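>
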Amino acid sequence: MRIRREHFLWPTLATGAAVAVAAAGGGSGVGVGHLSFKNAADTHLQINTPTATKAVRSVTWGLYRDVNSVDPIFGFDYPENTVDSALCDALFRQTPSGGRAPGLALKVSNPNPTTDVLTLRPGVTFWDGHPMTSADVVYSLQRAANTKVGGFYTSIFNRVKSISATGKLQVTLKLTQPDQWLLGELSSLPGMIIEKSFATKAGTKYGTMGVGGMCTGPYMIKSWTAKNGLIAVKNPHYWDRSIHPWVNQYTFKGFTDSAMTSGLETGAIGITYSTDPTILQALKGNKKLSVTQGSSYITDALIVANNKGPLGNVKVRQALSMALDRQAYIKATYQGAAQMPNTLANPGTWGGYEPSIFQAAYNALPSYKSPNIAAAKKLIQQAGATGKTITIGMSNQITQIQNAATTVEDAAANIGLKVKLKTFPAATWIDVFTSAKARAGLDAFFVLSYPDYGAPEGQYQQFVLPTGSLNYSGFNDPTITKLLNRSRSTANAAARARLVVQAQKLIMQQLPWIPLSDPDTVLVTQKNLTGAPASFSYMYAPWAAVKLGGR
Amino acid sequence: MGRRLGVMAATLLVSSFVIFGALYLAPGTPLAALSGGKNLPPSAVRVLERRFDLNQPFLERYWHWLTGVLHGDFGYSVVHQSNVSTLLGQELPISAELILYAGLLTIVFGIGLGMVSALRPGKVDDVVLALTAGSAAMPAFVAGIVLLLILSVDLGWFPALGQGAGFVSRFRHLTLPAVAMALAGFALVARITRTSMREQLQNEHVQTAVSRGVGYWPIVTRHVMRNASIPIVTSFVVVFATLIALDPVVESVFSISGVGGTLVNDALEKDIPSVQGVCLVLVAAFVVLNTLVDLAYRVLDPRLKSRS
Chain A
0 MRIRREHFLW PTLATGAAVA VAAAGGGSGV GVGHLSFKNA ADTHLQINTP TATKAVRSVT
60 WGLYRDVNSV DPIFGFDYPE NTVDSALCDA LFRQTPSGGR APGLALKVSN PNPTTDVLTL
120 RPGVTFWDGH PMTSADVVYS LQRAANTKVG GFYTSIFNRV KSISATGKLQ VTLKLTQPDQ
180 WLLGELSSLP GMIIEKSFAT KAGTKYGTMG VGGMCTGPYM IKSWTAKNGL IAVKNPHYWD
240 RSIHPWVNQY TFKGFTDSAM TSGLETGAIG ITYSTDPTIL QALKGNKKLS VTQGSSYITD
300 ALIVANNKGP LGNVKVRQAL SMALDRQAYI KATYQGAAQM PNTLANPGTW GGYEPSIFQA
360 AYNALPSYKS PNIAAAKKLI QQAGATGKTI TIGMSNQITQ IQNAATTVED AAANIGLKVK
420 LKTFPAATWI DVFTSAKARA GLDAFFVLSY PDYGAPEGQY QQFVLPTGSL NYSGFNDPTI
480 TKLLNRSRST ANAAARARLV VQAQKLIMQQ LPWIPLSDPD TVLVTQKNLT GAPASFSYMY
540 APWAAVKLGG R
Chain B
0 MGRRLGVMAA TLLVSSFVIF GALYLAPGTP LAALSGGKNL PPSAVRVLER RFDLNQPFLE
60 RYWHWLTGVL HGDFGYSVVH QSNVSTLLGQ ELPISAELIL YAGLLTIVFG IGLGMVSALR
120 PGKVDDVVLA LTAGSAAMPA FVAGIVLLLI LSVDLGWFPA LGQGAGFVSR FRHLTLPAVA
180 MALAGFALVA RITRTSMREQ LQNEHVQTAV SRGVGYWPIV TRHVMRNASI PIVTSFVVVF
240 ATLIALDPVV ESVFSISGVG GTLVNDALEK DIPSVQGVCL VLVAAFVVLN TLVDLAYRVL
300 DPRLKSRS
């Protein structure tokens with residue numbers, strides 16, 4: 000559900016198009032359901048790295064900036080997701096491969112389609128030793144849903160009528176309509192449970208540096224300062240006895256791209272999922288480092304932001320998409336750490352359920368392997384758009400975006416469209432997403448976005464539903480909306496996947512966004528460290544923290 | 000002294016207003032830093048804007064901030080989710096240590112080489128001139144990266160990141176950044192020392208002392224250095240001002256968690272209270288520095304004391 004924040008500090012030192020990626024986990028030996036789906040493009044992508052065998056005293060975990068809150072409902076970006084996943088447990092756990100497993104909730108049952116009854120896991124305690132009860136769960140969920148608290152995830156509860164404790168270890172959610180997406184979200188940050196008594200006492204300061212938080216996760220906060228970062232140590236009373244973390248202490252700290260590189264090269268940083276893709280080959284060539292490309296949830300695309308301009312015509316969007324030289328772009332930008340996209344949802348998101356249905360649908364879609372200029376030109380002529388100008392927002396200080404802009408410019412020139420680039424400094428690039436004023440006059444701009452859990456519809460709903468948070472053009476196709484809303488209500492996984500696939504086919508014809516690539520998760524560790532999944536699960540579940548260890 | 004304090008207060012007031020205004024007018028919102036750029040739900044924006052006073056008009060926000068500062072409250076950093084005074088308390092000592100370390104290097108090596116250069120015309124002087132020309136031309140961030148790549152990444156002699164804990168570790172961590180910062184100022188001090196000493200060496204009182212058979216070192220220390228010291232000490236102001244200005248750049252290159260690195264980051268994130276807090280401290284440091292140098296003049300040149 001978010002946009003990759005393009006971080007960047009020193010234009011001359013680091014052209015920070017960072018892709019942090021990582022992923023969905025569970026491979027053989029993990030015991031959380033390894034899915035052996037493969038598609039033509041990403042057969043080499045890994046879920047897991049070799050199992051660790053040795054304890055390690057302390058490891059520095061490199062983030063692209065310092066974490067600013069450990070309150071899960073105010074976590075929206077890579078640093079907070081990474082840290083919260085090590086500190087807190089959600090009601091459901093995302094497996095390394097993107098599936099959904101029991102977490103603090105053992106199961107969900109439906110006495111009727113609009114009632115979800117969550118059975119909570121017994122014997123779970125918070126870091127302070129207090130047992131977790133339904134009161135904590137109800138408090139956490141109501142707090143996440145409450146618009147007065149101002150959390151970032153209120154909209155996921157828009158089908159929830161009430162949340163109440165119906166037993167010491169039972170919570171009942173009453174819904175206006177059945178909601179499968181909610182269960183997905185509850186395996187992500189809004190489903191993380193915090194201690195009621197601690198949080199009520201902390202008030203609005205909950206999750207801040209001075210106060211910290213109170214969760215049930217495998218690591219707990221030891222200290223947190225601007226100077227030394229957030230230091231977390233093993234929780235000795237962790238409820239999941241099957242988990243034996245190898246690393247005694249993590250230091251989570253933010254680094255600029257250049258500092259991240261020198262920190263990895265000198266051994267000061269042990270693990271990161273946030274490296275600048277343009278230095279990937281250099282890192283791969285370093286004998287002291289392990290670099291693993293894994294599956295991810297991220298989609299790299301061009302957002303169509305104005306349906307009144309030339310891109311308002313579907314033929315123009317299709318033509319532009321057809322004309323893009325994606326292979327050259329991927330090579331230049333990601334040094335190979337991205338895949339050709341056939342859809343606007345990364346295949347890494349299929350792991351949640353029914354990957355075979357998604358695979359078949361993916362294979363049936365036309366491939367974008369090589370540009371088809373002749374056909375694209377014809378479409379532009381049919382649309383009467385030859386010679387028309389599209390204005391594209393970009394930042395020439397972010398390498399990935401600059402390359403993407405060049406790719407689009409070349410494609411447009413080849414098919415008779417003109418491109419006007421409007422450039423933003425890296426520091427204010429973020430504004431195109433948050434400010435209508437910054438976006439004014441743009442026909443399109445670039446995005447890296449991803450869903451909160453392993454499901455393509457989690458990605459699509461952001462920009463194809465009229466209410467989607469990333470729907471900037473007012474895209475509204477009643478058929479697609481209907482199919483997605485039906486999928487949201489459909490409990491049967493196969494039936495749900497088929498509805499999503501139908502919507503996906505229409506989305507790929509309509510192209511409310513134009514796909515550029517599917518970036519991989521890139522895990523970089525010191526050679527003597529291993530075990531962390533190379534999948535996107537590091538954003539939502541504790542696998543990376545608990546599986547990393549010495550080799 | 001009273002006048003000085005008045006000037007200092009006025010300087011701080013004006014600069015705080017200018018910085019506040021510039022950040023206020025710059026595009027963007029600190030909330031973007033919290034969300035990683037995603038469109039926040041309107042309810043979240045409302046709550047957070049109210050919590051951090053982001054929705055108040057400019058003058059009201061400035062007044063709010065100013066009255067807070069007068070009561071010892073530097074405000075709350077949106078990006079760090081912490082009181083600015085707490086942040087300053089953690090970060091300021093590190094920056095102060097770095098700047099002092101770099102200053103010490105600048106002064107010791109600058110004066111040392113300047114003296115050598117002044118007293119040994121010819122080849123030694125030529126070498127020093129070439130050396131100082133080179134180091135003055137090297138921007139600190141370039142020097143930092145080069146030092147980092149060679150001494151830290153390749154040779155592994157110094158740590159690459161952070162500020163370390165404990166005296167020895169801190170010393171090791173701050174050495175490369177301090178050297179990177181010292182390079183430019185050191186050239187300046189060396190050149191000024193050289194010129195100023197040469198000037199004194201040709202003065203009549205020195206010639207007289209030589210003709211009266213006073214020893215070499217007494218002449219250098221008592222007659223040359225003392226008289227040459229005023230421009231040298233004046234250059235310290237420029238040196239420390241430069242070091243303060245370089246601090247953010249170098250802290251960023253070496254990932255040092257001092258006020259400088261924070262300043263750069265927080266200015267980009269539009270975290271006004273945090274930037275204001277750091278700037279107040281830096282501006283105050285400049286003013287204090289100037290005052291100290293004025294006092295030093297009076298010690299070095301008693302004539303100034305009698306004149307005032």
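Quick note, the sequences are listed as chains A and B, same order. Going by numbering that gives the first Met the number 0, the first residue of the first sequence is number 0, and it counts up by one from there. Going by numbering that gives the first Met the number 0, the first residue of the second sequence is number 0, and it counts up by one from there. C-beta atoms are modelled at their ideal positions from N, C-alpha and C, and glycine is treated no differently. Just so we're clear, the structure is a prediction, and the values are computed from it rather than from any experiment.
Please list the terminal residues of the continuous alpha helix (DSSP H) segment that includes PHE108(B).
Against the second sequence, residue 108(B) aligns to sequence position 109. From DSSP, the alpha helix (DSSP H) with PHE108(B) extends over 83-118.
> Would GLY386(A) count as contacting chain C if we go by Cβ distances under 9 Å?
Looking for chain C here will not work: the only protein chains present are A and B.
> Please report the distance separating the alpha-carbon of TRP126(A) from that of ILE193(A).
Translated into positions along the first sequence, residue 126(A) becomes position 127. Translated into positions along the first sequence, residue 193(A) becomes position 194. Roughly 10 Å between the two C-alpha positions.
> How would you label ILE555(A), buried or exposed, when you count the other beta carbons within 10 angstroms and need 16 or more for buried?
Missing from the structure shown is residue 555(A); chain A here goes from 0 to 550 and no further.
> Taking ILE479(A) as part of the alpha helix (DSSP H), name the residues at either end of that continuous run.
To locate residue 479(A), count along the first sequence from 1; it is residue 480. It spans 477-488 - the alpha helix (DSSP H) in which ILE479(A) sits, taken as one unbroken run.
> Label GLY260(B) either buried or exposed according to how many other C-beta atoms from any shown protein chain fall within 10 Å of its C-beta, with 16 as the threshold for buried.
Counted from its first residue, the second sequence places residue 260(B) at position 261. The residue is buried, with at least 16 neighbouring Cβ atoms inside 10 Å.
> Within 9 Å of any Cβ in chain B, is that where the Cβ of ILE232(A) sits?
As a position in the first sequence, residue 232(A) is number 233, starting the count at 1. According to the sequence shown, residue 232(A) is Val rather than Ile. No, VAL232(A) does not count as interfacial toward chain B.
> Could you spell out the range, first to last residue, of the beta strand (DSSP E) harbouring ILE302(A)?
Taking the first residue of the first sequence as position 1, residue 302(A) is located at position 303. Residues 298-303.
> Evaluate contact between the stretch 453-467 of chain A and the stretch 422-440 of chain A, counting only Cβ atoms and requiring at least three cross-stretch pairs below 8 Å.
Counting Cβ pairs under 8 Å, fewer than three are found: no touch.
> Determine the direct distance from the alpha carbon of LEU146(B) to that of VAL6(B), and round the result to whole angstroms.
Mapped onto the second sequence, residue 6(B) falls at position 7. Mapped onto the second sequence, residue 146(B) falls at position 147. Cα to Cα, VAL6(B) sits roughly 40 Å from LEU146(B).
> Please look up how many angstroms separate the CB atoms of LYS226(A) and ILE98(B), rounded, as I've assumed it's under 8 Å.
As a first step, residue 226(A) is located in the first sequence; it is residue number 227 there, counting from the start. As a first step, residue 98(B) is located in the second sequence; it is residue number 99 there, counting from the start. About 16 Å separates the two Cβ atoms, so there is no contact after all.
> Which runs of the alpha helix (DSSP H) at least 4 residues long sit entirely within the stretch 377-460 of chain A? Give them in chain order.
Counting whole runs of 4 or more residues, the stretch 377-460 of chain A contains the alpha helix (DSSP H) stretches 398-414, 430-433, 435-438.
> At the 9 Å Cβ level, is ASN82(B) part of the contact set with chain A, yes or no?
One-based indexing of the second sequence puts residue 82(B) at position 83. It does: the Cβ of ASN82(B) has a partner Cβ on chain A nearer than 9 Å.
> Can you list, in chain order, the residues of its chain with a C-beta nearer than 7 Å to that of HIS236(A)? Leave out the 5 residues immediately preceding and following it.
Taking the first sequence and counting its residues from 1, one reaches residue 236(A) at position 237. Result list for HIS236(A): THR124, GLY128, in chain order.
> Between the stretch 380-391 of chain A and the stretch 304-316 of chain A, do at least 3 Cβ pairs fall closer than 8 Å?
Output reads yes: the stretch 304-316 of chain A touches the stretch 380-391 of chain A.
> Could you pull out every residue in the same chain whose Cβ sits closer than 6 Å to the Cβ of PRO112(A), ignoring the five residues on either side in sequence?
By 1-based counting over the first sequence, the position of residue 112(A) is 113. Correct list, in chain order: PRO177.
> TYR63(A) by DSSP, collapsed to three states: which one?
Translated into the one-based positions of the first sequence, residue 63(A) becomes position 64. Here TYR63(A) sits in coil by DSSP.
> If you draw a straight line from the alpha carbon of PRO247(B) to that of LEU128(B), how long is it in whole angstroms?
Translated into the one-based positions of the second sequence, residue 247(B) becomes position 248. Translated into the one-based positions of the second sequence, residue 128(B) becomes position 129. Taking the straight line from one Cα to the other gives about 29 Å.
> Give the secondary structure of MET339(A) by DSSP, where H, G and I count as helix, E and B as strand, and everything else as coil.
Taking the first residue of the first sequence as position 1, residue 339(A) is located at position 340. MET339(A): coil per DSSP, three-state reduction.
> Quick one: which chain A residues come within Cβ less than 7 Å of VAL152(B)?
As a first step, residue 152(B) must be located in the second sequence, where it is residue number 153. Those are SER261, GLU264, THR265, listed as they occur along chain A.
> Do GLY415(A) and LYS376(A) have their C-beta atoms closer together than 9 Å?
Indexing the first sequence from 1 puts residue 415(A) at position 416. Indexing the first sequence from 1 puts residue 376(A) at position 377. Yes.
> Note the first and the last residue of the continuous beta strand (DSSP E) segment covering LYS173(A).
Looking up residue 173(A) in the first sequence gives position 174. Taken as a continuous stretch (DSSP letters only), the beta strand (DSSP E) holding LYS173(A) covers 169-174.
> What residue range does the beta strand (DSSP E) around ASP115(A) cover?
Position 116 of the first sequence holds residue 115(A). Residues 114-119.
> Helix, strand or coil for GLY121(B) per DSSP?
Counting from one through the second sequence, the residue named residue 121(B) turns up at place 122. If DSSP states are grouped into helix, strand and coil, GLY121(B) belongs with coil.
> Which residues in the same chain have their Cβ closer than 7 Å to the Cβ of ASN541(A), if we skip the five residues on either side of it in sequence?
Numbered from 1 along the first sequence, position 542 holds the residue referred to as residue 541(A). First, the residue type needs correcting, since residue 541(A) is Pro and not Asn in the sequence shown. Excluding sequence neighbours, PRO541(A) sits near SER84, ALA85, GLY216, PRO217.
> Thinking C-alpha only, which one of LEU420(A), GLN169(A), GLN503(A), VAL148(A) is nearest VAL136(A)?
Here residue 136(A) is taken as the residue at index 137 of the first sequence, counted from 1. Residue GLN169(A) is the option with its Cα nearest to VAL136(A).
> Report the three-state DSSP secondary structure of GLY276(B) (helix, strand or coil).
For the purposes of this step, residue 276(B) is taken as the residue at position 277 of the second sequence. GLY276(B) falls in the helix class under three-state DSSP.
> For SER154(A), return the contacting residues in chain B, with the cut-off set at a CB-CB distance below 7 Å.
In the first sequence, residue 154(A) corresponds to position 155, counting from 1. The answer, in chain order, is PRO40.
> What are the residues in the stretch 146-176 of chain A lying within 9 Å of chain B by C-beta distance?
Answer in chain order: THR146, LYS147, VAL148, GLY149, GLY150, PHE151, TYR152, THR153, SER154.
> May I have the straight-line CA-CA distance separating LEU568(A) from GLN501(A), to the nearest angstrom?
Chain A is shown only over 0 to 550; residue 568(A) falls outside these bounds and no answer can be derived.
> Tell me, to the nearest whole angstrom, how far the beta carbon of VAL246(A) is from that of VAL523(A); I am working on the premise that it is less than 8 Å.
The residue given as residue 246(A) occupies position 247 in the first sequence. The residue given as residue 523(A) occupies position 524 in the first sequence. With 8 Å as the limit, VAL246(A) and VAL523(A) do not qualify as a contact, their Cβ atoms being about 16 Å apart.
> At a Cβ threshold of 9 Å, is GLY111(B) touching chain A?
Locating residue 111(B) in the second sequence gives position 112, where the first residue counts as 1. Taking Cβ atoms only, chain A never reaches closer than 9 Å to GLY111(B), which makes this a no.
> Going along chain B in order, which residues have a C-beta closer than 7 Å to the C-beta of THR215(A)?
Looking up residue 215(A) in the first sequence gives position 216. Within chain B, no residue comes near THR215(A); the closest Cβ sits about 22 Å away, beyond 7 Å.
> What separation, rounded to the nearest whole angstrom, lies between the Cα atoms of GLN326(A) and ASN371(A)?
Along the first sequence, read from residue 1 onward, the residue named residue 326(A) stands at position 327. Along the first sequence, read from residue 1 onward, the residue named residue 371(A) stands at position 372. One C-alpha to the other measures close to 13 Å.
> Where do the ends of the beta strand (DSSP E) carrying ALA8(B) lie?
In the second sequence, residue 8(B) corresponds to position 9, counting from 1. Taken as a continuous stretch (DSSP letters only), ALA8(B) belongs to no beta strand (DSSP E), being part of the alpha helix (DSSP H) at 1-24.
> Let me confirm a value: ILE400(A) is counted as buried when at least 16 other C-beta atoms fall within 10 Å, else exposed. Which label applies?
By 1-based counting over the first sequence, the position of residue 400(A) is 401. Per the 10 Å Cβ criterion, buried.
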